Structure formats: C-alpha cells, structure tokens
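A.B. asks: Protein chains in written order, with my numbering: chain A, 84 to 509; chain B, 84 to 509.
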C-alpha cells in the first residue's frame with residue numbers, strides 16, 4: 084500500500100465524509116453491529132488463531148485476556164455501538180450565534196477534524212470502538228492495531244468497512260494499515276493527516292511524538308497519585324488504594340505513587356502494608372517509610388517511574404501543599420486523587436493539581452471514557468490543548484466560523500460609517 | 084536572563100496564577116488601564132524614539148503607522164481593556180455535570196492552560212492586548228515583541244507588570260523577553276511552557292513550528308480565496324474584492340486568489356480589471372484570464388503564494404465544486420468566501436470548504452477577534468485542534484475533570500455489584 088497516496092485521497096474525500104448525514108452515519112453503525120453479530124463465528128475463529136499463535140510464543144494469562152475476543156467482548160462492543168447510535172450528533176452543533184451587525188450573522192458550528200490516524204494496542208475491541216467513534220463523528224480514519232491480533236483485526240475491519248460503505252459512507256472513510264513499516268509512512272503524511280492518536284507503551288508514544296509533524300493527542304506516562312490527607316477516612320483510603328493499584332495494574336490510570344500526610348503516617352502505614360501484602364503489592368518507600376514498615380528503600384528521583392505492575396512508591400509529606408507540589412513536579416498530569424473528609428483541603432487539591440482528572444475520595448481507575456458516559460474513548464489525553472482526559476466524540480470534532488453577509492466590507496467599519504452590534508442570538 | 088530557570092519558576096507558580104479570583108484579575112486589568120493612562124507621556128516619548136530610530140533605518144509609511152503608538156491607539160487599547168473587564172470569566176465554567184452513580188459526581192470545569200509564550204510583531208498595541216488577555220484568562224505569559232518597538236514595549240510591559248502585581252497577581256504571572264536569542268531558549272522550554280503562539284511572517288512561524296516540541300497555535304500562511312459564483316451579484320463581488328484585497332494588504336485575512344465561474348467570467352473580468360486598476364491592484368491570471376483582459380500570466384503551481392501586496396491571482400473555474408477543490412488544495416484553511424445569491428451553492432461551499440472561516444457575501448477581512456466580538460485576539464489559528472480561527476479568551480483555557488466520590492472503587496462496577504447511572508444534572 085502507498086500510504087502517502089491513500090492518505091492524500093482520504094484527505095480529498097474528508098469534506099464529503101464530514102458532510103454525511105447523521106442518518107447515514109447512524110445507519111452505518113447499525114449495519115456494523117448487524118455484520119459483527121451475523122459473522123461472529125468468523126471473528127471468533129480468527130481470534131482463536133491469533134490466540135494460538137500468541138500462546139505458542141508464550142504469553143501471560145493477563146495478556147491473553149486482553150487479546151481474546153469472544154461472546155462476552157462481542158456483547159460489550161455491540162452494547163457500545165447501540166449507545167453510540169443513541170448519542171446526540173457531535174457534528175453541526177451551533178456553539179455561537181451572533182449578529183456582528185444587521186444582516187451580518189456569525190455562527191460557530193462543530194465539524195469533524197478530518198483525517199485521524201489511530202495506532203492502538205492488540206485489543207480487538209479497540210478496533211471496533213475506535214472505528215465506530217470515527218464513523219459517528221464524521222471523521223476519516225487510518226487504523227493500525229497491534230500485531231498480536233492482526234488476524235482478528237483483519238476480519239473485524241473488513242466487516243466494519245463493508246457495512247459502513249453499504250450504508251452510504253464514502254469509500255475513503257476508513258483504511259486499515261496492517262504492516263508495521265506503514266506506521267513510519269503514516270508519520271510522514273503531515274500534509275494529509277490532521278491528528279494522530281497513538282496508544283501503547285510510554286516508549287512507543289514518545290517515539291510517535293518525536294517523529295512526526297502531525298499533532299499528536301494521547302499520553303506517554305500515566306503516573307497517577309493518591310494523597311492520603313491527615314483528615315482522611317483511613318479505611319476508605321485503603322479500599323481506594325487497593326482498587327487503584329490492583330483492579331487493572333497495566334492501565335494508565337492505575338496509581339503509582341502514594342503520598343501520606345506525616346501526622347497520620349505512623350497509624351496508616353501498617354494498615355497499608357497489611358492490605359498491600361494481602362493484595363500482593365510491593366511497597367518501595369522513602370527511607371522514612373521503610374524505617375516505619377520495612378521494605379525496599381527508594382531514592383527521591385525514583386518518583387517519575389510508572390510501574391504498571393504490583394509495585395507502588397510511597398512517601399510522607401508534611402502538608403497538603405507539599406503533596407500538590409510533588410504531584411505537579413513528578414506527575415504526568417493524568418489523574419490524581421486526594422482522600423480526605425476536609426472539603427476545603429479537597430477543593431485546594433483539585434484547584435491546584437494541574438492534571439486532566441482531579442478526584443476526591445474515589446479510585447483513579449474511573450478515568451475512562453466509558454465510565455464518564457462517553458460511550459467509548461479513542462484515548463486519554465494528558466496534553467492541555469483540545470481534548471483533555473478521556474477523549475470521546477466531543478474530542479473528535481473541531482468547529483468552523485460561518486459568516487453570512489450581504490456585501491459587507493471592513494472598510495465601512497474602519498471608517499466609522501458602520502458600527503458592530505455584537506448581539507448574541509439564542 | 085536564564086530563560087529555562089524563569090520558565091521553570093513560572094510553571095511552578097502557574098497553578099496559583101490560575102487560582103487567582105476574577106475580582107483580582109479584573110482589578111489588575113483596571114489598574115493596567117489606569118497606569119497606561121497616567122503614564123502616557125512616558126509611553127509616547129519611548130515610542131517617538133522607536134519611530135525615529137526606525138525612520139533613520141528607512142521604513143515605509145505603512146510600517147510607521149503600525150509602529151506608532153499615540154493617543155488614538157492608547158484610546159483603542161483602553162477601550163479594549165474595559166471590554167475585557169466586562170466579559171464573563173472564561174475560567175471555572177462548568178461544562179458538564181453528571182452523576183456517574185449516586186454520590187459519584189463528575190464535573191468538567193474550564194481552567195487556564197498554564198504557561199503561554201507569545202512572540203509577536205512590532206506593534207505596541209499587541210503587547211497590551213496579549214498581556215491583558217492572558218491576565219483575564221489566568222494564564223502566565225512570556226512575551227516577546229518585535230525589536231522595532233523594543234523601547235515602547237519595555238515601558239508598556241513595566242507599567243502592565245507593576246499594575247498586575249500591585250493588584251494581587253503573583254509576581255510570576257508575566258515575563259518579558261527582550262533579546263532575540265531568548266526566542267530559541269524559549270523554544271527549548273517544553274517542560275515548562277504549555278503553548279506557543281507565534282505571530283509574524285510565514286518563514287518565522289514555520290521556523291518556530293519546526294524547532295520546538297511545545298504545541299504551537301497560529302498560522303504560517305494566510306492564502307484566502309474569494310469565489311465569484313455564476314449566481315453572484317457582480318457589483319457586490321467587486322465591492323467585496325476591493326475591500327478584501329486593499330483594506331489592509333499586509334493582513335493574513337486579505338484575499339490572495341480570486342476564482343470566477345466561467346459562465347460569468349467574460350462579463351465580470353473587465354469590471355474586475357477596472358476596479359483593480361483604480362485601486363492599484365495588479366492581476367496575475369491564468370492564460371485563460373490574461374487572454375481575456377491581458378496582464379501577467381501565471382502558472383498553475385503559483386496558487387500557493389501569499390502576496391501580502393497589491394497583487395492577486397485570478398483563475399476561472401467550471402463549477403462550484405472545482406472552486407471548492409482548488410481552495411482545499413491550495414488554501415491555508417484560514418478564511419474563504421463565496422459571493423452568490425444562490426443559497427444552496429453557499430451552503431455547499433460553506434460545508435465543504437475545510438477552513439476556519441467560510442463566508443458568504445462579505446469580505447475575508449472580517450476574520451478577526453475584535454470584529455467577532457472577542458474583545459481582542461492573541462492570534463488566528465489555522466490548525467484544527469483546540470481553538471480555530473481568531474483566538475480570544477475561550478482559546479486560552481482548557482478544562483479539567485473533577486470527580487467527587489465517597490470511597491467509590493472501579494472493582495464494584497467491574498463485578499456488577501454497582502451500575503453507572505450517567506445522569507446529567509442541569
């Protein structure tokens with residue numbers, strides 16, 4: 084495949100994909116759901132082959148669970164598609180309607196971004212979620228999934244593509260990249276691709292960010308913190324910490340560093356150690372921490388580490404503000420939580436911590452498009468421009484300004500002959 | 084000045100600047116206005132020195148007009164500051180309020196971006212506009228203005244900074260860079276600077292975009308088109324074309340290429356030539372155009388040129404769709420207009436042209452923050468992420484998700500013990 088040429092054709096077609104009606108886009112989603120249902124045996128067979136090949140290469144049960152696409156995951160993605168059909172149209176929303184003068188009407192209207200490249204990990208459900216989010220939002224998408232589920236992805240993509248085109252979407256709406264070298268070709272298509280969303284390891288995302296001129300949305304690190312305040316409900320803190328560390332260790336929103344107010348540390352640390360021992364979590368603490376409960380001592384500069392494993396960094400702080408400063412310095416601006424019954428402390432934390440998600444008294448694992456009610460997500464952004472946090476439909480649109488005049492010229496305003504009225508209409 | 088160290092300190096302080104109250108920010112704006120008024124002699128004297136130096140180096144009357152900062156421009160910026168004070172707070176707006184479950188409340192709240200670097204042309208009024216937009220939006224800003232007005236900028240910045248800090252803004256809120264080499268230092272501060280907004284020549288903006296990892300918002304080219312449809316009011320088209328080409332030739336939103344429907348070209352071209360001759364505008368046409376009205380013949384690949392001068396490219400097209408395809412191919416996605424009385428043609432043009440501004444029957448020169456009613460603008464973006472078109476206060480904020488829980492963990496939802504309610508609150 085000539086990626087540059089395919090991307091060029093997609094870019095040319097993208098205004099027409101953007102102009103497709105909500106009816107067509109929703110019909111495409113419904114036909115995708117039907118196709119996946121009626122061809123499930125074919126999908127499951129391809130997935131079985133992927134699993135067998137992966138097992139022959141030796142994979143952990145956790146990875147196998149991620150690769151597997153059976154009835155349960157099919158039901159999940161079908162439910163997701165149905166939810167997506169019901170969601171309001173993200174395209175064509177009038178965000179601003181303002182008379183600049185009599186008969187000079189300004190409108191700001193949402194529209195698709197255009198051509199989006201998504202490179203994602205070996206998870207067949209991600210292929211379905213990402214492609215259907217792009218269809219609903221009127222974007223063209225170039226999709227490249229992880230090689231471990233290449234067989235499953237090929238079947239899924241074929242079904243999705245055929246259904247979308249049968250429903251009336253232009254044939255350039257979706258494209259699957261299947262070769263690893265096509266990733267580098269994609270990175271050079273900055274004239275034709277408007278946005279890249281890479282998902283995967285820190286090193287992979289960093290590589291993408293450093294090797295393209297295309298704007299990149301996503302996150303490299305997920306160094307999430309939980310700060311246990313002196314006014315914390317300690318039992319609640321333990322419950323939250325165990326969930327945030329162990330419910331899905333490999334997730335970017337799993338907690339990596341635990342900060343504990345020094346006033347309660349002596350009482351709290353043994354409880355934490357007991358709970359983490361039971362959950363199989365290893366503690367790496369500062370000297371002050373290991374002096375109290377033993378374990379491996381870490382250096383101050385180890386706090387920029389994302390374990391993605393049953394390990395956590397633990398440190399004592401003397402104040403709320405010390406916790407905030409630590410998080411802003413070492414964190415990745417992803418999701419950080421405070422456990423406290425002191426509402427003023429919570430508000431200060433949530434105001435001053437500079438992250439996409441700032442939580443009080445709940446697990447960092449809630450940072451997720453599905454849990455936020457977005458239907459699904461194409462990724463989680465730790466950047467501050469455009470979408471921040473879990474990115475759903477709203478993050479896949481931009482806007483354009485439409486100005487309707489009747490021969491209006493700027494010279495008349497510069498000379499003072501006319502004056503702007505700037506009257507907002509409902 | 085050690086730019087990296089200054090940027091680091093600014094980044095540390097940025098959450099506190101972001102947390103400053105609307106009252107403080109508005110008081111700062113009022114004190115800035117007072118300081119500029121009461122020190123106007125000092126400002127005008129510095130500007131006089133800048134002008135004399137520039138004249139000694141030989142500048143055109145047009146450039147002199149841009150450099151000059153007298154009573155008229157002072158009145159303009161003071162009016163702008165007063166308008167800014169009256170605008171609603173862009174920070175702390177609740178964009179989404181959703182119960183994920185009983186007692187688990189999600190809010191999406193706007194907040195400042197953080198640390199913004201703005202590099203702008205030699206226009207003293209830009210120094211005032213940009214710094215006051217950053218104050219109002221709670222952002223820290225590093226400001227570097229064009230060297231031709233360095234003396235004026237130094238006085239203006241000193242007054243603005245002292246007023247803002249006296250009003251209670253943290254002392255790290257604003258920083259002025261005065262040396263040209265500090266631009267390159269600023270480009271390397273990707274750990275501390277969240278956004279760069281470069282303004283100036285195409286080559287300068289391209290240089291910035293190619294030499295930094297910091298996200299850049301702005302535009303390099305401003306290749307704006309006006310398409311004169313077969314259903315155009317031809318007299319209206321002439322009036323709009325003359326304004327869009329001559330009202331301020333050096334502006335990015337001035338028209339560069341004129342597309343004319345072939346059905347009316349024979350009738351329209353002589354009228355255009357007459358009007359442009361009177362206005363001193365030179366036509367560079369395709370062979371088909373120069374065959375009809377004479378003048379310089381251009382090659383097809385010359386359409387990617389931004390003249391910023393009294394010159395325009397002129398081409399005939401056979402259809403609305405050919406005009407749209409030309410604009411999407413050669414344009415810079417800035418602002419493009421159609422002149423037509425055919426509403427269906429206008430809607431098709433405005434739907435399919437992939438630009439920040441799509442206009443019907445008015446001059447492209449309206450693409451401007453002040454004219455849109457944003458008070459002022461920090462720049463115009465031709466990118467599709469974050470703000471697009473003229474960037475005012477709204478483009479200087481992002482958002483964060485706040486999640487308020489009561490010990491909630493994801494494990495309870497994964498196990499099916501609890502279900503999300505996803506209920507939007509008013």
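Every residue, glycine too, gets a C-beta built ideally from N, C-alpha and C. Since this is a predicted model, take the numbers as computed values, not measurements.
Using a C-beta to C-beta distance shorter than 9 Å, which residues of chain B count as neighbours of residue 400 of chain A?
C.D. replies: Looking up residue 400 of chain A in the first chain gives position 317. Within chain B, no residue comes near residue 400 of chain A; the closest Cβ sits about 16 Å away, beyond 9 Å.
A.B. asks: Output yes or no for whether 8 Å exceeds the beta carbon distance between residue 112 of chain B and residue 164 of chain B.
C.D. replies: Stepping through the second chain from its first residue, residue 112 of chain B is reached at position 29. Stepping through the second chain from its first residue, residue 164 of chain B is reached at position 81. Cβ distance < 8 Å, so residue 112 of chain B and residue 164 of chain B count as in contact.
A.B. asks: May I ask you to check if the CB of residue 488 of chain B is nearer than 7 Å to at least one heavy atom of the ligand ATP?
C.D. replies: Absence of the ligand ATP from the depicted structure is noted, as is the absence of any ligand whatsoever, leaving it without description.
A.B. asks: Using a Cβ-Cβ cut-off of 6 Å (strictly less than) and excluding sequence neighbours within five positions of residue 126 of chain B, which residues of its own chain qualify?
C.D. replies: One-based indexing of the second chain puts residue 126 of chain B at position 43. For residue 126 of chain B, where only same-chain residues beyond five positions count, the Cβ hits under 6 Å are 238.
A.B. asks: Anything in chain A within Cβ reach of residue 481 of chain B, meaning under 8 Å, just list it in chain order.
C.D. replies: Start at 1 with the first residue of the second chain, and residue 481 of chain B comes out as number 398. Per Cβ cutoff of 8 Å: 467, 468, 471.
A.B. asks: How far does the beta strand (DSSP E) with residue 399 of chain B in it reach, from first residue to last?
C.D. replies: Start at 1 with the first residue of the second chain, and residue 399 of chain B comes out as number 316. Counting along the chain, the beta strand (DSSP E) containing residue 399 of chain B begins and ends at 394–400.
A.B. asks: Just to make sure I have the definition right: I need the residues of chain B whose C-beta is within less than 7 Å of the C-beta of residue 323 of chain A. Which are they?
C.D. replies: For this step, residue 323 of chain A is matched to residue 240 along the first chain. Those are 490, 492, listed as they occur along chain B.
A.B. asks: Taking DSSP as the reference, what is the three-state secondary structure of residue 411 of chain B?
C.D. replies: Numbered from 1 along the second chain, position 328 holds the residue referred to as residue 411 of chain B. Here residue 411 of chain B sits in helix by DSSP.
A.B. asks: Across the region 485–494 of chain B and the region 199–216 of chain B, are there enough close Cβ pairs to call them in contact, namely three or more that are closer than 8 Å?
C.D. replies: no
A.B. asks: Should the region 357–364 of chain A be regarded as contacting the region 377–385 of chain A, the criterion being three or more beta carbon pairs within less than 8 Å?
C.D. replies: no
A.B. asks: When you compare each of B:364, B:175, B:480 to residue 332 of chain B by their alpha carbons, which one comes out closest?
C.D. replies: Within the second chain, numbered from 1, the residue matching residue 332 of chain B stands at position 249. Cα-wise, what sits closest to residue 332 of chain B is B:364.
A.B. asks: Note down the Cα distance separating residue 444 of chain B from residue 498 of chain A, rounded to an integer number of angstroms.
C.D. replies: Counting from 1 along the second chain, the entry for residue 444 of chain B is found at position 361. Counting from 1 along the first chain, the entry for residue 498 of chain A is found at position 415. Answer to the nearest angstrom: the Cα atoms are 20 Å apart.
A.B. asks: Please classify residue 504 of chain B as buried or exposed, where buried requires at least 16 other C-beta atoms within 10 Å of its C-beta.
C.D. replies: As a position in the second chain, residue 504 of chain B is number 421, starting the count at 1. By the neighbour-count rule (16 or more Cβ atoms within 10 Å), residue 504 of chain B is not buried but exposed.
A.B. asks: Could you tell me whether the Cβ atoms of residue 483 of chain A and residue 448 of chain B are closer together than 8 Å?
C.D. replies: By one-based count along the first chain, residue 483 of chain A stands at place 400. By one-based count along the second chain, residue 448 of chain B stands at place 365. No, these two residues do not count as a Cβ contact at 8 Å.
A.B. asks: In angstroms, rounded to a whole number, what distance separates the CA positions of residue 216 of chain B and residue 260 of chain B?
C.D. replies: Indexing the second chain from 1 puts residue 216 of chain B at position 133. Indexing the second chain from 1 puts residue 260 of chain B at position 177. Distance between the alpha carbons of residue 216 of chain B and residue 260 of chain B: 18 Å.
A.B. asks: Express the C-alpha separation of residue 184 of chain A and residue 423 of chain B in angstroms, rounding to a whole number.
C.D. replies: Position 340 of the second chain, counted from the start, is the residue given in the question as residue 423 of chain B. Position 101 of the first chain, counted from the start, is the residue given in the question as residue 184 of chain A. Note on geometry: alpha-carbon atoms of residue 423 of chain B and residue 184 of chain A lie some 20 Å from one another.
A.B. asks: Distance check for residue 84 of chain A and residue 162 of chain B, CA to CA, integer angstroms please.
C.D. replies: Position 79 of the second chain, counting from 1, holds the residue named residue 162 of chain B. Position 1 of the first chain, counting from 1, holds the residue named residue 84 of chain A. So the two alpha carbons sit approximately 58 Å from each other.
A.B. asks: Assign residue 508 of chain B to one of two classes, buried (16 or more other C-beta atoms within 10 Å of its C-beta) or exposed (fewer than that).
C.D. replies: The residue labelled residue 508 of chain B in the question sits at position 425 within the second chain. Exposed.
A.B. asks: Can you check whether the CB of residue 198 of chain A is closer than 8 Å to the CB of residue 300 of chain A?
C.D. replies: As a first step, residue 300 of chain A must be located in the first chain, where it is residue number 217. As a first step, residue 198 of chain A must be located in the first chain, where it is residue number 115. For residue 300 of chain A and residue 198 of chain A, no; Cβs fall outside 8 Å.
A.B. asks: Please confirm whether residue 474 of chain A and residue 256 of chain A have their CB atoms less than 8 Å apart.
C.D. replies: For the purposes of this step, residue 474 of chain A is taken as residue 391 along the first chain, with counting starting at 1. For the purposes of this step, residue 256 of chain A is taken as residue 173 along the first chain, with counting starting at 1. The answer is no: Cβ separation not under 8 Å.
A.B. asks: Near residue 407 of chain B, which residues of its chain fall below 7 Å by C-beta distance, leaving aside the five closest residues on each side in sequence?
C.D. replies: What you label residue 407 of chain B is simply residue 324 of the second chain in a count that begins at 1. For residue 407 of chain B, where only same-chain residues beyond five positions count, the Cβ hits under 7 Å are 432, 435, 436.
A.B. asks: Tell me whether the beta-carbon of residue 469 of chain B lies closer than 8 Å to the beta-carbon of residue 468 of chain A.
C.D. replies: Here residue 469 of chain B is taken as the residue at index 386 of the second chain, counted from 1. Here residue 468 of chain A is taken as the residue at index 385 of the first chain, counted from 1. It is a contact, given that the beta carbons lie within the stated cut-off.
A.B. asks: Going along the chain, which residues of its own chain have a beta-carbon closer than 6 Å to the beta-carbon of residue 228 of chain A, five neighbours each way excluded?
C.D. replies: As a working note, residue 228 of chain A is residue 145 in the first chain. Counting only residues of its own chain and dropping the five nearest sequence neighbours on each side, residue 228 of chain A has a CB closer than 6 Å to the CB of 203, 210, 236.
A.B. asks: Below 7 Å between beta carbons is the criterion; list the residues of the region 187–218 of chain A that meet it against any residue of chain B, in chain order.
C.D. replies: 187, 189, 196, 197
A.B. asks: Count the other C-beta atoms from every protein chain shown that fall within 10 angstroms of the C-beta of residue 234 of chain B, then say buried if there are 16 or more, exposed otherwise.
C.D. replies: The sequence position of residue 234 of chain B within the second chain is 151, counting from 1. Classification of residue 234 of chain B: buried, given that the 10 Å Cβ count is 16 or more.
A.B. asks: Which chain A residues are close to residue 438 of chain B, counting only those with a beta carbon under 8 Å from its beta carbon?
C.D. replies: In the second chain, counting from the first residue as 1, residue 438 of chain B sits at position 355. Correct list: 483.
A.B. asks: So if DSSP puts residue 484 of chain B in a beta bridge, which residue, or which two residues, is it bridged to?
C.D. replies: Position 401 of the second chain, counted from the start, is the residue given in the question as residue 484 of chain B. Bridge partners of residue 484 of chain B: A:440, B:191.
A.B. asks: Assuming the contact rule is C-beta atoms closer than 8 Å, residue 232 of chain A and residue 159 of chain A should be a hit. Round their C-beta distance to whole Å, please.
C.D. replies: On the first chain, residue 232 of chain A is found 149 positions in, with the first residue counted as 1. On the first chain, residue 159 of chain A is found 76 positions in, with the first residue counted as 1. Wrong, their Cβ atoms sit about 16 Å apart, outside the cutoff.
A.B. asks: Quick one, are the C-beta atoms of residue 418 of chain A and residue 399 of chain A less than 8 Å apart?
C.D. replies: Here the question's residue 418 of chain A lines up with position 335 in the first chain. Here the question's residue 399 of chain A lines up with position 316 in the first chain. Not closer than 8 Å, so no.
A.B. asks: Can you name the start and end residues of the alpha helix (DSSP H) that residue 331 of chain A belongs to?
C.D. replies: Here residue 331 of chain A corresponds to residue number 248 of the first chain, with the count starting at 1. Here residue 331 of chain A belongs to no alpha helix (DSSP H), and DSSP marks it neither H nor E.
A.B. asks: Distance, Cα to Cα, residue 290 of chain A vs residue 273 of chain A?
C.D. replies: For this step, residue 290 of chain A is matched to residue 207 along the first chain. For this step, residue 273 of chain A is matched to residue 190 along the first chain. If you take the alpha carbons of residue 290 of chain A and residue 273 of chain A, they lie about 16 Å apart.
A.B. asks: With a CB to CB cut of under 6 Å and the five nearest residues on each side skipped, what residues in its chain are close to residue 348 of chain B?
C.D. replies: In the second chain, residue 348 of chain B corresponds to position 265, counting from 1. The answer, listed in chain order, is 399.
A.B. asks: Contact check, residue 193 of chain B vs residue 480 of chain B under 8 Å by CB: the rounded distance?
C.D. replies: Here residue 193 of chain B refers to the residue found at position 110 when the second chain is read from its first residue. Here residue 480 of chain B refers to the residue found at position 397 when the second chain is read from its first residue. With 8 Å as the limit, residue 193 of chain B and residue 480 of chain B qualify as a contact, their Cβ atoms being about 5 Å apart.
A.B. asks: In whole angstroms, what separates the C-alpha of residue 320 of chain A from that of residue 314 of chain A?
C.D. replies: Against the first chain, residue 320 of chain A aligns to sequence position 237. Against the first chain, residue 314 of chain A aligns to sequence position 231. Roughly 11 Å between the two C-alpha positions.
A.B. asks: Just grab the DSSP bridge partners of residue 365 of chain A for me.
C.D. replies: Sequence index remark: in the first chain, residue 365 of chain A carries index 282 (1-based). BP columns for residue 365 of chain A point to A:394.
A.B. asks: Can you list, in chain order, the residues of its chain with a C-beta nearer than 6 Å to that of residue 68 of chain B? Leave out the 5 residues immediately preceding and following it.
C.D. replies: Residue 68 of chain B cannot be examined here, being either before or after the span of chain B that is shown, 84 to 509.
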